[in-house]
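Chemist:
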RNA sequence: GGUUCCGUAGCUCAGCUGGAUAGAGCAGCUCACUUCUAAUGAGCAGGUCUUUGGUUCGAAUCCAAACGGGAUCACCA
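Residue numbers (the numbering used here): 764 to 1394.
1) Mind listing, in chain order, the continuous alpha helix (DSSP H) runs of no fewer than 4 residues lying wholly within the region 867-922?
2) Ignoring anything shorter than 3 residues, give me the beta strand (DSSP E) runs that lie fully in the region 1104-1174, in order along the chain.
3) Can you give, in chain order, each stretch of the beta strand (DSSP E) that sits fully within the region 801-837 and has at least 3 residues?
4) Please state whether DSSP places residue 849 in a helix, a strand or coil.
5) Quick check on the DSSP output: the beta strand (DSSP E) that includes residue 1187 runs from which residue to which?
6) Grab me the residues of residue 862's own chain with a C-beta within less than 8 angstroms of its C-beta, minus the 5 sequence neighbours each way, in chain order.
7) Taking the C-alpha atoms as reference points, what is the distance between residue 715 and residue 1379?
8) Is residue 1366 helix, strand or coil by DSSP?
9) Which whole-angstrom value describes the C-beta separation of residue 1262 and residue 1191, a residue pair presumed to lie in contact below a C-beta threshold of 8 angstroms?
10) Mapping the DSSP letters down to three states, classify residue 792 as helix, strand or coil.
11) Give the straight-line distance between the Cα atoms of residue 1228 and residue 1287, rounded to the nearest whole angstrom.
12) Since residue 1079 is in the beta strand (DSSP E), which residue starts that stretch and which ends it?
13) Indicate whether residue 892 and residue 883 have their beta-carbon atoms separated by less than 8 angstroms.
14) So, helix, strand or coil for residue 1353, using DSSP?
15) Below 8 angstroms, can you find three or more Cβ-Cβ pairs linking the region 871-891 to the region 1143-1153?
16) Please state the DSSP three-state secondary structure of residue 1335.
17) So which of 901, 823, 877, 948 has the shortest CA-CA distance to residue 1187?
18) Quick test of your reading: residue 1359 and residue 1368, contact by CB under 8 angstroms. State the CB separation rounded to the nearest angstrom.
19) Could you name the residues of the same chain whose beta carbon sits closer than 7 angstroms to that of residue 1223, not counting the 5 residues immediately before and after it, in chain order?
20) Can you list, in chain order, the residues of its chain with a C-beta nearer than 8 angstroms to that of residue 941? Leave out the 5 residues immediately preceding and following it.
21) Quick one: what does DSSP say residue 1047 is sitting in, helix, strand or coil?
22) So, residue 1082 versus residue 922, is the Cβ gap smaller than 8 angstroms?
23) Rounded to whole angstroms, what is the Cα-Cα separation between residue 1089 and residue 897?
24) Between which two residues does the alpha helix (DSSP H) holding residue 974 run?
25) Helix, strand or coil: how does DSSP classify residue 844 here?
26) Measure the Cβ-Cβ separation of residue 1076 and residue 904 and say whether it is below 8 angstroms.
27) By the DSSP assignment, the alpha helix (DSSP H) with residue 951 in it spans what residues?
28) Please list the terminal residues of the continuous alpha helix (DSSP H) segment that includes residue 1223.
29) Using alpha carbons as the reference points, say which of 1232, 1332, 1018 lies closest to residue 1157.
30) Consult DSSP for residue 839 and reduce its assignment to one of helix, strand or coil.
31) Short check: CB of residue 1270 to CB of residue 1248, under 8 angstroms?
32) So is residue 1394 buried or exposed if we call it buried at 16+ other beta carbons inside 10 Å?
33) DSSP three-state label for residue 1344, please.
34) Using the Cβ count rule (16 or more neighbours within 10 Å means buried), how would you classify residue 1029?
35) Which residues mark the beginning and the end of the alpha helix (DSSP H) in which residue 1004 is found?
36) Do residue 1128 and residue 890 count as a contact pair if the criterion is CB distance below 8 angstroms?
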């Protein structure tokens, strides 16, 4: 409709305006709710060309368009805005088209280039938490949205299964796990703990012991007992301590943190963890066995968590595989002159010319860092899928800098596809009580939270649901569907880029802008349709205002999917579906459907409802949310 | 301090490629179930869109500065 009007204006611009017009000045917008009209053209930009008042200009253009387009029944001009009223015929014919298209809003599958979407990518040293939920739901949803836009999508994750953090858990387990009467240390089997939880427990234990050791070193320093430490360290300690004099509380705390870091570097625990990493990279059999065992525990735990989340992956990458490639690339890069070596053997890239810093790629002991692995992983992926037209990394915005550097390094290494990589950077999830810190144990565990929302959905549904005749199994599935639907919708409805507040009480809320609100509307429509009998083809002639409003929104659906794809934002879908359901509910509440006596009207209202249900199911599927037949 | 993101109703968020009187949800106060699922709908109340300047016929939206908040600037990942 808009493009038709635009075309008419452009083709007849000489006639209307006496000059050719810039297509940019043709601006449409939705008509305000309190003004009569379905589509609004902004008149101000034309006023100059026409040299008359906005009122006259609007009338001139309005009359002209109305003559050319039969679907426009009339128009009005209000303070510089030309409002077209589009006839019921048009909306009914649109509804008919929508009704006949089972995959309405979706592009032909696999008709566009392949994109890889990476998400989740956890460390294997601790369980998944609330932040991972946002990440997973977001990544999964963006993948679905891109598919709906016609792209072939490969869902992938990189599992950070190596590195110093894993060694910390391994070391703590070896050192601190109690031995039972059978002579075994703790395992998921003999403790009944989920594997990821058990390993996480030892990561926390490491940190606890590590801090204790660092504190005792500081105490030692404070007493003046410095014989066991290098002159350099001692000098740094003295310098920091002296710099505290006369500083305010905040600055003093900052310096204390630095002293703590200094002390941490001197702990035997960290030294042992580092030794372990070196042994691991050298494929020491015992270390490797321990690593394999503990990782397998974690994978088992993760896989059950992913199942509850309802997410999956097409292709997994492991850092333990890709870091070697990363290392090779670094060596090549040195020869190409992209990287350089410092005296102590560490390898760096100088990005100061690009406004960034120097970045390390290999430590002086030859082991790799995060960046090295990511370089390797990226190259590995393009080797596996040479036709990738894009790669999207779903990673928190605290890593904005990392990805900026990563993409720049790839570019400098001469990979032409580097510019197709993008970072889907999302904001942190805050709790009302403050920030989550995994080391301090103030996290919201993903498994616990999911269990909680499902439990809450269960209580609520038992209280007010329509469950007669359902099997226990179906009921449990329904509770799962509602609880998870609520949680996913809650986490996805906020613009991904923004930091968001997670209120546990609100996340299990079922009224207002929530997943269950939308699921409920669907169940209600299904109940209508079940009683409505067979549907006939549309033959109604007129539309009530509230019916027209609903159809208008339905018509927007394809463009919403496009926008969500362009913005990589499931929130766009959420906002749309909420608006659609709200508008439908107004219609539902005010207009009789089954009890309507005029057959054409009843039939049309049922067809309309059916298509609302269709769009609810399809748009919710883009969020990874299932929708019940009844609730 | 450098870089970067953010600041809209009591709370949580939409709106931001400039356009009409800035919108939802929650919380508060009314009202509507003998009628299709009330997990709903209708209404009331709630705003100097952080501030100041600029661009423009027109600014929550663009630009600049200030103030306030977050992230980041590791031989952690």
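Don't be surprised by glycine CBs; every beta carbon is placed ideally from N, CA and C.
Modeler: Looking at the atomic coordinates:
1) 893-911
2) 1110-1113, 1121-1125, 1151-1159
3) 802-805
4) strand
5) 1184-1189
6) 1301, 1370, 1373, 1374
7) For the chain, the structure presents residues 764 to 1394; residue 715 sits outside this window and is missing.
8) helix
9) 5 angstroms
10) strand
11) 11 angstroms
12) 1078-1081
13) no
14) helix
15) yes
16) helix
17) 901
18) 7 angstroms
19) 1273
20) 948, 949
21) coil
22) yes
23) 29 angstroms
24) 958-985
25) strand
26) no
27) 951-954
28) 1209-1227
29) 1332
30) strand
31) no
32) buried
33) helix
34) buried
35) 994-1006
36) no
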